[in-house]
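Trainee: If you read the protein sequences in the order shown, they are chains A and B. Residue numbers for the first sequence follow UniProt numbering, so the first one is 1 and each next one is one higher. Residue numbers for the second sequence follow UniProt numbering, so the first one is 1 and each next one is one higher. For each residue, glycine too, the CB sits at the ideal point set by N, CA and C.
Protein chains: 2
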Amino acid sequence: MADSQLDHRVLERAAEAEDFEHPEIYDEEGELDQGFLERVRDAIHAEDADRLRASVVPLHDSELGDILQHINFDDRQGLVRLLGEDFDYTALTQVDEAVRLEIVDAMPNAQIAEAVRELDSDDAVYILEDLDEADQKEILENLPFRERVRLRRALEYPDESAGRRMQTEFVAVPPFWTVGQTIDYLRDEADLPEEFTQIFVIDPSFKLLGAVDLDRILRARRPAKIEDIMRETRHAIPATMDQEEAAQIIQQYDLLSAAVVDENERLVGVLTIDDVVDVLQAEAEEDIRRLGGVGDEELSDSVLTIVRSRFLWLFINLLTAVLASAVIGLFDATIEQMVALAVLMPIVASMGGNAGTQTMTVAVRSLATRDLDIYNAGRIVRKELAVGLINGVAFALIIGVVAGLWFDNLGLGEVMGLALIINMLAAALGGILIPIVLDRFGADPAIASGAFVTTVTDVIGFFAFLGIAAWWFGLSSSL
Amino acid sequence: MADSQLDHRVLERAAEAEDFEHPEIYDEEGELDQGFLERVRDAIHAEDADRLRASVVPLHDSELGDILQHINFDDRQGLVRLLGEDFDYTALTQVDEAVRLEIVDAMPNAQIAEAVRELDSDDAVYILEDLDEADQKEILENLPFRERVRLRRALEYPDESAGRRMQTEFVAVPPFWTVGQTIDYLRDEADLPEEFTQIFVIDPSFKLLGAVDLDRILRARRPAKIEDIMRETRHAIPATMDQEEAAQIIQQYDLLSAAVVDENERLVGVLTIDDVVDVLQAEAEEDIRRLGGVGDEELSDSVLTIVRSRFLWLFINLLTAVLASAVIGLFDATIEQMVALAVLMPIVASMGGNAGTQTMTVAVRSLATRDLDIYNAGRIVRKELAVGLINGVAFALIIGVVAGLWFDNLGLGEVMGLALIINMLAAALGGILIPIVLDRFGADPAIASGAFVTTVTDVIGFFAFLGIAAWWFGLSSSL
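(1) Along chain A, in chain order, which residues have C-beta atoms closer than 7 Å to that of Y253(B)?
(2) Excluding five sequence neighbours on each side, which residues of the same chain lie with their C-beta closer than 7 Å to the C-beta of Y253(A)?
(3) Give the C-beta separation of A396(B) and G411(B) to the nearest angstrom, bearing in mind that I take them to be a contact with Cβ-Cβ under 8 Å.
(4) Taking the straight line between their C-alpha atoms, what separation do you get for I44(B) and R76(B)?
(5) Which whole-angstrom value describes the C-beta separation of R165(B) and D275(B), a residue pair presumed to lie in contact below a C-beta threshold of 8 Å?
(6) For a test of the three-state rule: what should DSSP assign to G430(B), helix, strand or coil?
(7) Going by beta carbon distance, what residues of the same chain come within less than 6 Å of I335(A), once the five residues before and after it are set aside?
(8) For D262(A), which of helix, strand or coil comes out of DSSP?
(9) Taking the beta strand (DSSP E) that G210(B) belongs to, which residues open and close that run?
(10) Counting Cβ pairs closer than 8 Å, one from the region 377-385 of chain A and one from the region 426-436 of chain A, do we hit at least three?
(11) So is W471(B) buried or exposed if we call it buried at 16+ other beta carbons inside 10 Å?
(12) As an exercise, report each continuous alpha helix (DSSP H) stretch of at least 4 residues that is fully enclosed by the region 171-209 of chain B, in chain order.
(13) For D135(A), which option in V104(A), V149(A), E227(A) has the closest C-alpha, if you only look at C-alpha atoms?
(14) Ordered along the chain, which non-local residues of its own chain (more than five positions away) have a Cβ less than 6 Å from that of I422(A)?
(15) Going straight from the alpha carbon of A124(B) to that of D262(A), what length do you get?
(16) For V453(A) and A349(B), what's the separation of their Cα atoms in angstroms?
(17) Give me the chain B residues within the contact set of D33(A), using Cβ-Cβ distance strictly less than 8 Å, ordered along the chain.
(18) Determine the DSSP secondary structure at Y26(B), reduced to helix, strand or coil.
(19) Beta-carbon of G400(A) versus every beta-carbon of chain B: anything under 9 Å?
(20) Over what stretch of residues does the beta strand (DSSP E) that includes V268(A) continue unbroken?
(21) Please return the same chain residues whose Cβ sits closer than 8 Å to the Cβ of I316(B), not counting the five positions on each side in sequence.
(22) Using alpha carbons as the reference points, say which of T455(A), Y26(A), S309(A) lies closest to T320(A).
(23) Alpha carbon to alpha carbon, how far is G461(A) from E31(A)?
(24) Pull up the distance between the alpha-carbon of residue 498(B) and that of R365(B), whole angstroms please.
(25) Of the choices L68(A), A324(A), Q34(A), L83(A), whose alpha-carbon is the least far from that of D48(A)?
(26) Between P193(B) and Q167(B), is the Cβ-Cβ spacing less than 9 Å?
(27) Apart from the five residues on each side of it in sequence, which residues of its chain come closer than 7 Å, Cβ to Cβ, to G400(A)?
(28) Within 10 Å of its beta-carbon, does T197(B) have 16 or more other beta-carbons around it, so buried, or fewer, so exposed?
(29) Based on the DSSP secondary-structure assignment, which residues constitute the bridge partners of E31(B)?
(30) Using a Cβ-Cβ cut-off of 9 Å, state whether A349(B) counts as contacting chain D.
(31) Which value, in whole angstroms, describes the spacing of the CA atoms of Q34(B) and I249(A)?
(32) Is the Cβ-Cβ distance between N391(A) and A355(A) less than 9 Å?
(33) In angstroms, rounded to a whole number, what distance separates the CA positions of S478(B) and I468(B)?
(34) Taking the alpha helix (DSSP H) that F463(A) belongs to, which residues open and close that run?
(35) Answer yes or no: does any C-beta atom of chain B fall closer than 9 Å to that of W313(A)?
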């Protein structure tokens with residue numbers, strides 16, 4: 001017998017397909033095996049449903065998701081059509097939004113409703129939430145009353161809230177039951193969640209009283225009262241709480257699952273750690289992308305979607321680059337008299353930009369993990385200034401000597417070293433203060449800090465270098 | 001009664017301290033409450049152990065870790081000393097390495113041994129692995145035989161392997177036991193892990209046969225045989241497997257815990273999902289830091305440690321910046337004749353750098369999540385080239401007009417637009433190919449791609465712009 005109803009279903013199907021062996025779909029590098037992928041494509045092109053079923057029905061939903069992600073549009077549609085009822089819709093929760101919508105949009109609403117009935121409520125919501133309201137409504141109307149109510153309630157919670165990610169299937173018992181009664185109930189009740197790790201304890205109005213992990217139940221004697229072995233829930237999650245915040249609570253307290261409650265503290269669902277892992281991954285991913293100046297784009301997005309999503313960031317960068325150029329423009333007369341300045345000025349700006357990015361990266365992540373807050377900010381700013389000063393002096397010496405020898409002009413090396421120290425200090429200050437200020441004003445520091453920090457280091461870098469040079473060598477400028 | 005032995009102990013201690021109420025240590029922003037922190041500091045400065053105990057003993061280990069992270073060296077030492085036996089050493093797994101080593105280094109080995117005995121094996125290994133070998137040995141010798149053997153075995157596995165992160169406490173039963181026998185065993189056995197979510201099934205030589213989730217046991221009737229309700233383990237993790245790979249398996253298959261086996265497929269431990277969450281977070285964190293040009297530094301590292309860790313990256317950046325300057329140097333005569341080129345050239349380089357960083361960020365993450373591999377690389381390269389071309393043309397038009405008007409020289413705008421298109425295409429190619437090539441050669445693309453990509457966009461940007469300008473306007477250059 002299999003672990004869960006899902007696995008059970010899968011194994012039954014696999015047995016029908018007379019291919020019980022689990023196929024090796026990943027190679028040693030952990031990449032999708034190309035031979036396997038070829039066999040799947042061949043079966044689709046040959047319209048051979050039996051052969052296709054034998055290959056993909058035994059797969060885990062995440063493996064099927066990987067396959068969907070690696071074949072093209074036509075093959076995806078073919079796969080879903082050929083598998084028919086044997087297509088495991090949970091796989092849709094494992095693919096990019098673009099791929100998911102592509103598959104779902106090609107399906108009649110009645111078929112989606114059929115699929116949604118088979119899914120856990122959290123997976124169903126995951127698929128439904130991307131559809132437009134008219135489709136959502138039509139699909140919900142095709143569902144039995146109880147499921148409709150559950151899904152509608154979950155969909156009414158805000159985007160990216162705990163209520164959206166929760167599973168509405170859970171086991172709950174009254175506090176006065178004994179362990180024996182509880183075990184008997186679990187043995188007899190047919191309509192249990194596919195998997196669960198704790199049992200919730202509620203009063204008659206569904207108000208959450210506490211929870212018992214299954215291992216506590218198994219260790220206790222039958223006559224023991226549930227209320228005596230339960231622990232009070234310290235970390236009940238309001239359904240409207242942002243999913244990232246909820247995920248951080250579950251991570252911090254090493255919970256396997258947490259109760260989700262409505263505004264009256266009634267139990268409405270359970271948030272499980274496997275969803276949390278995905279949320280935390282997605283949030284870290286988001287930070288990386290935002291720091292890199294790319295939005296929510298996915299590898300499978302179309303060229304035009306990608307162009308649009310990157311355009312804004314490049315446009316902001318253009319504005320800051322023009323600002324830096326305007327600073328250089330102030331010194332065009334200076335450069336005309338000493339063209340070596342034009343050759344060397346990118347070095348000063350680039351070193352500052354990199355040092356600023358280093359500081360900013362640390363600051364953005366420390367803010368995200370709450371290691372950095374306004375109370376220890378003073379200490380961290382002083383530390384960053386010290387780091388900037390030391391590395392500034394070190395590189396000022398290196399660059400000063402190199403530039404002095406290169407252009408056979410020691411004064412030029414001295415000017416450059418001085419400008420570099422100033423810019424490294426500006427980089428340290430900008431790299432730490434800009435994210436803190438953005439965070440303070442409620443903006444996501446990951447998304448905007450980069451542009452501001454490099455603006456600071458470009459402007460200060462060019463200004464310090466060209467300005468000091470003009471003054472040092474007595475050259476003219478527009479100042 | 002409390003959920004786990006740990007909580008139980010904590011609650012007992014709290015009750016002794018006559019402060020059972022769980023204190024509110026976070027404010028509404030989720031930041032450590034400064035009032036609470038002040039009370040802790042006051043108690044430490046007043047050497048008032050009872051008051052300190054009342055505040056911090058009821059805390060979760062992660063909360064105590066947060067406190068340790070937010071107070072200074074002297075207060076940390078004072079806190080550990082004043083709490084004595086009541087200090088929850090698990091908190092040491094929740095702080096930066098620098099803070100952990102600082103606390104552990106101030107402790108005699110006998111006291112560390114005492115602490116280690118109280119910890120779960122995975123937490124104990126986490127603390128021990130950072131110590132030098134002599135200290136490790138002395139501490140292990142202070143432990144009872146069974147624990148010593150377990151910890152030594154875990155420490156013998158490579159750094160960052162599954163064997164290092166696993167918990168060596170688990171529940172295992174033979175396949176021929178019934179559910180009834182298993183439940184009776186769990187009720188009578190005193191020496192069980194503090195928490196567990198599945199029971200492993202092994203043969204007499206400890207070879208892993210399968211596992212049963214606790215909810216399957218609770219649903220089954222007493223006479224049912226374990227071998228009939230167990231599922232075969234498809235995802236046993238070799239103890240030598242890298243922790244990140246192990247974490248990805250647990251995440252992909254939504255496992256709560258996975259069996260860890262030695263080279264003879266004997267069960268040696270269990271890897272739980274809460275450790276996996278931390279590993280995945282740490283790995284995403286690592287990628288962010290590497291993309292930002294900072295190594296493994298932590299917020300609590302000393303100034304000199306940070307200086308050293310950032311120096312190498314800045315030095316590499318210096319070399320690439322000098323290379324870019326050398327390219328400009330080829331055109332010093334050109335610039336001397338038309339100084340506007342010096343004013344505008346940073347825009348071309350900077351736009352390319354940003355576009356390249358965008359592409360690279362997507363490529364690095366897609367490689368990390370295995371969404372990008374050599375089989376779909378061709379398609380992605382074509383897509384990136386298309387994106388680069390479209391955004392290149394768009395910005396060429398914008399910049400061309402702006403530059404043409406700014407310097408009242410339409411030719412200059414045309415040259416700049418052309419150079420920009422070339423550099424955006426170079427950025428697209430470099431941004432995607434450099435990470436792929438680094439990955440192919442076994443290097444971490446996150447750590448090195450940035451330097452290479454900006455070198456490409458700086459060099460091509462300056463060369464294209466100044467070169468085209470020299471040819472277009474018939475200016476002299478060193479070429």
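Mentor: Taking the definition as stated:
(1) H60, S62
(2) H235
(3) Going by Cβ atoms, the distance from A396(B) to G411(B) rounds to 14 Å, so no, they are not a contact pair.
(4) 9 Å
(5) 5 Å
(6) helix
(7) L341, A342
(8) coil
(9) 208-213
(10) yes
(11) exposed
(12) 179-188
(13) V104(A)
(14) A464
(15) 39 Å
(16) 17 Å
(17) Neighbours of D33(A) on chain B: none; closest Cβ ~10 Å, over 8 Å.
(18) strand
(19) no
(20) 267-272
(21) A451
(22) T455(A)
(23) 45 Å
(24) In the structure as shown, chain B starts at 1 and stops at 479, and residue 498(B) therefore has no counterpart that could be examined.
(25) L83(A)
(26) yes
(27) G413, E414, M416, G417
(28) buried
(29) Looking at the DSSP assignment, E31(B) forms no beta bridge with any residue, so it has no partner.
(30) The structure shown contains no chain D; the protein chains it does contain are A and B.
(31) 20 Å
(32) yes
(33) 14 Å
(34) 445-473
(35) yes
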